[in-house]
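Residue numbers (the numbering used here), protein chains in the order written: chain A, 2 to 464; chain B, 2 to 428.
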Ligand SMILES: Cc1cc2nc3c(=O)[nH]c(=O)nc-3n(C[C@H](O)[C@H](O)[C@H](O)COP(=O)(O)OP(=O)(O)OC[C@H]3O[C@@H](n4cnc5c(N)ncnc54)[C@H](O)[C@@H]3O)c2cc1C
Ligand code: SF4
Ligand code: SF4
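(1) Taking a Cβ distance cut-off of 8 Å, strictly less, list which residues of the stretch 8-36 of chain B are near chain A, in chain order.
(2) By Cβ distance below 6 Å, which residues in the same chain neighbour residue 349/A in space, the five residues on each side in sequence not counted?
(3) Is the beta carbon of residue 393/A sitting closer than 9 Å to the one on residue 367/A?
(4) Less than 8 Å between the CB of residue 266/B and some heavy atom of ligand 2, yes or no?
(5) Thinking C-beta only, is residue 384/A closer than 9 Å to residue 400/A?
(6) Runs of 4 residues minimum, wholly inside the stretch 261-325 of chain A: which ones carry the alpha helix (DSSP H) assignment?
(7) Report buried or exposed for residue 286/A, applying the criterion of at least 16 other Cβ atoms within 10 angstroms of its Cβ.
(8) Could you tell me the alpha carbon to alpha carbon distance between residue 26/B and residue 44/B, rounded to whole angstroms?
(9) Check whether the Cβ atoms of residue 79/A and residue 422/A sit closer than 9 Å, and answer yes or no.
(10) Check the Cβ of residue 56/B against every Cβ in chain A and list those closer than 9 Å, keeping chain order.
(11) Within the chosen definition, does the stretch 359-375 of chain B reach the stretch 389-409 of chain B through at least 3 CB pairs nearer than 8 Å?
(12) Quick one: give me the first and last residue of the alpha helix (DSSP H) that residue 411/B is part of.
(13) Run down chain B in chain order and give the residues with a C-beta less than 7 Å from the C-beta of residue 74/A.
(14) Please determine whether the Cβ atom of residue 58/B lies at a distance below 8 Å from any heavy atom of ligand 3.
(15) Answer yes or no: the CB of residue 122/A versus the heavy atoms of ligand 2, is any distance below 8 Å?
(16) Interface residues of chain B around residue 271/A at Cβ under 8 Å?
(17) Just reading off the beta strand (DSSP E) that residue 72/A is part of, what are its end residues?
(18) DSSP state of residue 35/A, grouped into three classes?
(19) For a contact defined as C-beta to C-beta under 9 Å, what are the partners of residue 238/A on chain B?
(20) Can a CB atom of chain B be found closer than 9 Å to the CB of residue 337/A?
(21) Please list the residues of the stretch 70-97 of chain B that have a C-beta atom closer than 8 Å to any C-beta atom in chain A, keeping them in chain order.
(22) Note the first and the last residue of the continuous alpha helix (DSSP H) segment covering residue 15/B.
(23) Thinking C-alpha only, which one of 33/B, 391/B, 91/B and 28/B is nearest residue 41/B?
(24) Grab me the residues of residue 382/A's own chain with a C-beta within less than 7 Å of its C-beta, minus the 5 sequence neighbours each way, in chain order.
(25) Determine the chain A residues that contact residue 228/B at a beta-carbon separation under 9 Å, and present them in chain order.
(26) Leaving out five residues before and five after residue 402/B in sequence, what residues of the same chain have Cβ atoms less than 6 Å from its Cβ?
(27) My guess is that residue 181/B and residue 81/B are in contact by the Cβ rule of under 8 Å, so how many angstroms apart are they, rounded?
(28) What does a CB cutoff of less than 8 Å around residue 252/B pick up in its chain, not counting 5 residues either side in sequence?
(29) Check whether the stretch 303-315 of chain B touches the stretch 264-276 of chain B, taking contact to mean three or more Cβ pairs, one atom from each stretch, closer than 8 Å.
(30) Could you tell me the alpha carbon to alpha carbon distance between residue 282/B and residue 36/B, rounded to whole angstroms?
(31) Is the distance from the Cβ of residue 419/A to the Cβ of residue 149/A below 9 Å?
(32) Is it true that the CB of residue 214/A sits closer than 9 Å to the CB of residue 108/A?
(33) Just to check my reading of the structure: residue 306/A and residue 250/A have Cβ atoms closer than 8 Å, yes? What is that Cβ distance to the nearest angstrom?
(34) Using a Cβ cut-off of 9 Å, pull out every chain A residue sitting near residue 167/B, in sequence order please.
(35) Pairs of beta-carbons, one from the stretch 46-62 of chain A and one from the stretch 73-91 of chain B, closer than 8 Å: are there three or more?
(36) Any heavy atom of ligand 3 within a distance shorter than 8 Å of the CB on residue 29/A?
As structure tokens, then:
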């Protein structure tokens with residue numbers, strides 16, 4: 002239980018400046034970026050500056066049986082950072098040093114509180130990049146994005162966060178510090194702990210260091226926008242581009258609702274009568290880009306694109322991505338709140354899932370804009386609601402339920418990149434079955450038998 | 002219902018905040034403190050709880066609300082266009098309504114309100130400045146406080162003018178063939194410290210055949226009071242200024258301070274909302290108020306012939322309330338580029354807040370200094386000789402930072418360079 006004694010112990014090991022316990026501060030750690038989840042104030046917030054600090058915090062938490070919620074920048078979309086059972090919020094934002102950048106081995110060693118963009122700014126000085134680029138690159142921490150296994154716009158060609166993690170240092174629930182991995186490309190020693198801890202949402206351990214892979218920055222890029230008057234044609238074009246052996250860095254889709262909303266608010270010149278637009282970027286060596294861009298253009302045309310714009314200048318390129326970047330902000334203008342899902346299906350099923358979402362929107366009389374990373378099947382059906390309208394909130398919940406079921410029935414998954422967190426815990430059996438969920442639970446209990454780390458997320462104690 | 006009279010007025014803005022956290026990327030306070038209360042999202046959640054009755058308006062809460070330079074960087078980076086500046090001003094006004102004003106600020110605003118007292122204080126201050134402040138050896142660098150009275154001993158203040166700007170001019174500065182008559186709203190900093198800046202404004206206007214009226218009844222713009230929630234004082238000051246210019250009979254009002262500009266363009270209308278007499282006056286002048294850069298580029302346009310050469314490398318700092326507050330950022334650059342010999346070298350992030358924010362730097366001197374350090378490092382990186390900006394408050398902060406960093410740059414208002422160029426041309 003939390004008492005003033007705990008507070009004093011925390012202050013003793015961390016110093017006053019790293020412990021927040023006034024109500025006015027606690028309120029500001031009661032939420033993250035997730036809509037429609039409960040907000041709960043923690044008992045205390047701590048900002049450790051070293052691994053040793055983290056170990057001490059975990060020991061105190063163990064002694065008093067108080068839960069710990071690791072937190073980066075609090076931008077996740079699944080309620081992962083909310084202290085729903087009260088206790089200690091441990092934010093890593095002060096552990097924000099880039100410890101090493103090794104251009105010979107193409108690696109970087111960072112503390113968990115480093116902001117993704119800050120790592121990129123450092124990498125680019127060596128002509129390198131760290132490819133995972135969620136919409137929150139300039140705010141999210143490395144620790145948080147690794148714990149969610151964030152994706153982003155470049156997932157199709159460059160993969161997601163888990164493809165760039167080479168090793169970690171981590172504090173376990175019992176206070177032990179473990180390390181693994183290294184700068185070698187090959188490493189098969191032991192179980193693959195990297196796979197286990199990437200995307201663990203802070204429920205298995207607290208990351209204190211990360212060794213990540215960097216790659217050479219692509220030399221050139223080219224962007225196109227293709228307009229379709231039929232969803233199936235757009236869907237066929239997506240698969241056909243890949244079939245033609247071109248893997249674009251980015252292959253995004255926006256549906257009719259999204260196009261209309263974006264156009265309404267930005268006047269970027271999108272065709273509002275279109276059923277879908279694809280926004281595509283190929284990158285790499287200049288020669289490669291010059292070969293691939295025309296292939297993409299041809300394939301879109303063959304699949305019935307009614308209009309294709311190829312960006313000739315940087316300004317034209319920016320205009321294309323301006324439209325895509327404005328999808329979320331524009332939908333946000335329609336009503337006060339957004340519920341952003343990330344149901345994901347195999348790329349060949351994109352038209353089917355968009356049609357399903359449309360049917361669901363009609364059934365529950367909701368406005369749902371769908372856009373997202375078509376190339377990797379990761380869509381963001383975005384439901385706009387007014388949280389003051391209880392009836393609408395209720396309809397939204399039912400719609401979310403059906404969207405998940407639709408995704409699973411199309412051989413997809415509940416979450417492509419936002420994580421399970423609080424909201425999706427109850428859907429986990431849909432995807433894993435009882436035995437599957439039990440296996441996840443046994444892993445959790447082997448590492449954290451008392452559910453001290455981020456309780457209430459991902460998997461809960463058996464009732 | 003305006004943001005100054007009721008916290009309920011910001012409910013519609015609060016509900017637009019989706020807690021995405023994008024504001025973290027740009028907030029100068031957050032970058033230094035790494036605490037969630039620093040950022041807009043944190044303070045928005047506090048205002049929400051306050052409105053729901055889930056927290057009390059404590060001293061602690063009022064302190065949290067003081068953690069904002071009102072730089073509006075979060076507004077600009079918000080996917081949902083949440084007008085955070087309005088939210089924070091409303092929250093501070095609410096804090097004052099419920100808890101009263103901080104005692105030190107009470108004294109400051111009272112002095113600002115009572116013009117004559119202030120004039121007297123400043124005049125004696127000018128004579129006695131040497132007692133309390135230590136002049137910095139060398140150029141006309143200004144002075145540092147001898148004793149730390151909570152303002153930080155490192156801050157370099159400009160020397161007080163021996164004679165206030167307004168008292169050294171006739172009420173009307175005439176020109177032979179006036180094409181326009183404008184009223185010059187000087188603001189406090191020009192009146193008491195930066196008289197050189199005020200002179201440059203008058204010189205440039207008259208060089209462009211514009212007659213300048215300087216009403217002597219004008220006073221403080223009231224922004225220091227309104228951003229701190231002292232709405233009663235702010236209203237008094239607004240009325241006094243509105244009346245002064247209403248009587249003056251000018252075609253337009255010219256300002257060269259970004260806060261004064263925001264006052265005339267935005268705050269007065271909101272402060273006077275519902276006032277039977279002054280609302281109409283405020284609304285009228287709002288449309289006729291121009292920042293000097295804006296006026297010279299968009300309204301006059303200023304004479305390009307007769308500009309003399311000044312060979313100088315210059316960098317430009319965007320004042321928050323000119324750039325994001327009034328959308329003026331191209332005009333000052335256009336003026337600089339039109340001066341023969343000036344080479345404009347942009348710094349990294351010219352639009353990032355300098356950390357001055359009026360009384361913010363008094364209440365949070367350490368934080369203000371840290372924010373300023375980043376700016377000064379960016380300035381140093383340009384290897385220029387002169388820093389130009391568009392606001393006397395920024396000038397003070399940048400000057401202090403430059404001197405403390407041991408740099409050799411001169412900090413001036415854009416208009417001073419233009420005046421210098423005209424003078425050079427006349428030689
Ligand atoms: C506008 C917007 C756009 C987004 N776009 C994308 C996108 O394109 N792609 C995508 O994949 N995601 C996207 N996201 C969500 C994305 O998951 C988060 O932005 C990011 O991964 C979270 O980083 P954070 O530092 O904010 O972590 P937090 O939100 O603070 O935490 C996330 C989780 O990680 C855990 N955690 C944090 N630090 C540690 C640590 N050191 N050790 C162990 N566990 C830890 C927390 O307990 C929590 O469960 C978006 C979010 C928003 C608001
Ligand atoms: S960027 Fe805007 S919407 Fe997002 S948290 Fe900040 S204020 Fe709220
Ligand atoms: S106005 Fe500036 S200082 Fe205030 S919260 Fe927004 S970004 Fe931060």
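All C-beta atoms, glycine included, are put in the ideal place defined by N, C-alpha and C.
Here's the rundown:
(1) 16, 17, 19, 20, 21, 22, 23, 25, 26, 35 and 36
(2) In the first chain, the residue the question calls residue 349/A occupies position 348. Correct list, in chain order: 240.
(3) Position 392 of the first chain, counted from the first residue, corresponds to residue 393/A. Position 366 of the first chain, counted from the first residue, corresponds to residue 367/A. In this structure, residue 367/A lies closer than 9 Å to residue 393/A by Cβ.
(4) Taking the second chain and counting its residues from 1, the one referred to as residue 266/B is at position 265. No - ligand 2 has no heavy atom lying nearer than 8 Å to the Cβ of residue 266/B.
(5) Here residue 400/A is taken as the residue at index 399 of the first chain, counted from 1. Here residue 384/A is taken as the residue at index 383 of the first chain, counted from 1. Yes, these two residues count as a Cβ contact at 9 Å.
(6) 287-303
(7) As a working mapping, residue 286/A is identified with position 285 in the first chain. Residue 286/A comes out exposed.
(8) By one-based count along the second chain, residue 26/B stands at place 25. By one-based count along the second chain, residue 44/B stands at place 43. In a straight line, the C-alpha of residue 26/B is about 16 Å away from that of residue 44/B.
(9) Residue mapping note: residue 79/A aligns to position 78 of the first chain, counting from 1. Residue mapping note: residue 422/A aligns to position 421 of the first chain, counting from 1. In contact: residue 79/A and residue 422/A (Cβ atoms closer than 9 Å).
(10) Mapped onto the second chain, residue 56/B falls at position 55. By Cβ distance, chain A contributes 24, 25 and 28.
(11) yes
(12) Indexing the second chain from 1 puts residue 411/B at position 410. Where residue 411/B is concerned, there is no enclosing alpha helix (DSSP H), although the beta strand (DSSP E) it sits in stretches over 411-414.
(13) Walking along the first chain from the start, residue 74/A turns up at place 73. Within chain B, the residues near residue 74/A are 22 and 25.
(14) Translated into the one-based positions of the second chain, residue 58/B becomes position 57. Residue 58/B Cβ: outside cutoff for every heavy atom of ligand 3.
(15) For the purposes of this step, residue 122/A is taken as residue 121 along the first chain, with counting starting at 1. Because no heavy atom of ligand 2 lies under 8 Å away, the Cβ of residue 122/A does not count as near it: no.
(16) Within the first chain, residue 271/A is the residue found at index 270, counting from 1. Within 8 Å Cβ-Cβ: nothing; residue 271/A doesn't reach chain B, min ~18 Å.
(17) As a position in the first chain, residue 72/A is number 71, starting the count at 1. Counting along the chain, the beta strand (DSSP E) containing residue 72/A begins and ends at 69-72.
(18) Mapped onto the first chain, residue 35/A falls at position 34. Residue state, collapsed to three classes: coil.
(19) Along the first chain, read from residue 1 onward, the residue named residue 238/A stands at position 237. What residue 238/A touches in chain B: nothing, since even the nearest Cβ is about 29 Å away.
(20) Mapped onto the first chain, residue 337/A falls at position 336. Yes, because at least one Cβ of chain B sits closer than 9 Å to the Cβ of residue 337/A.
(21) 80, 81 and 82
(22) Here residue 15/B corresponds to residue number 14 of the second chain, with the count starting at 1. Counting along the chain, the alpha helix (DSSP H) containing residue 15/B begins and ends at 12-15.
(23) Within the second chain, numbered from 1, the residue matching residue 41/B stands at position 40. The option with the nearest alpha carbon to residue 41/B is 28/B.
(24) One-based indexing of the first chain puts residue 382/A at position 381. 342, 344, 358, 369, 371 and 404.
(25) On the second chain, residue 228/B is found 227 positions in, with the first residue counted as 1. Going along chain A, no residue has its Cβ under 9 Å from residue 228/B, so there is no contact; the nearest lies around 20 Å.
(26) Looking up residue 402/B in the second chain gives position 401. Counting only Cβ-Cβ distances below 6 Å, and skipping sequence neighbours, we find 373 and 377.
(27) Locating residue 181/B in the second chain gives position 180, where the first residue counts as 1. Locating residue 81/B in the second chain gives position 80, where the first residue counts as 1. At roughly 41 Å, the Cβ-Cβ gap does not stay under 8 Å, so residue 181/B and residue 81/B are not in contact.
(28) Here the question's residue 252/B lines up with position 251 in the second chain. The answer, listed in chain order, is 181, 182, 183 and 289.
(29) no
(30) Here the question's residue 282/B lines up with position 281 in the second chain. Here the question's residue 36/B lines up with position 35 in the second chain. So the two alpha carbons sit approximately 43 Å from each other.
(31) On the first chain, position 418 is the one that residue 419/A refers to. On the first chain, position 148 is the one that residue 149/A refers to. In contact: residue 419/A and residue 149/A (Cβ atoms closer than 9 Å).
(32) Walking along the first chain from the start, residue 108/A turns up at place 107. Walking along the first chain from the start, residue 214/A turns up at place 213. Yes, the pair counts as a contact, with Cβ atoms nearer than the cut-off.
(33) Position 305 of the first chain, counted from the start, is the residue given in the question as residue 306/A. Position 249 of the first chain, counted from the start, is the residue given in the question as residue 250/A. Not quite, the Cβ-Cβ distance comes to about 20 Å (not below 8 Å), so this is no contact.
(34) Along the second chain, one-based indexing puts residue 167/B at 166. Neighbours of residue 167/B on chain A: none; closest Cβ ~43 Å, over 9 Å.
(35) no
(36) If you number the first chain from 1, residue 29/A lands on position 28. Result no, Cβ not under 8 Å from ligand 3.
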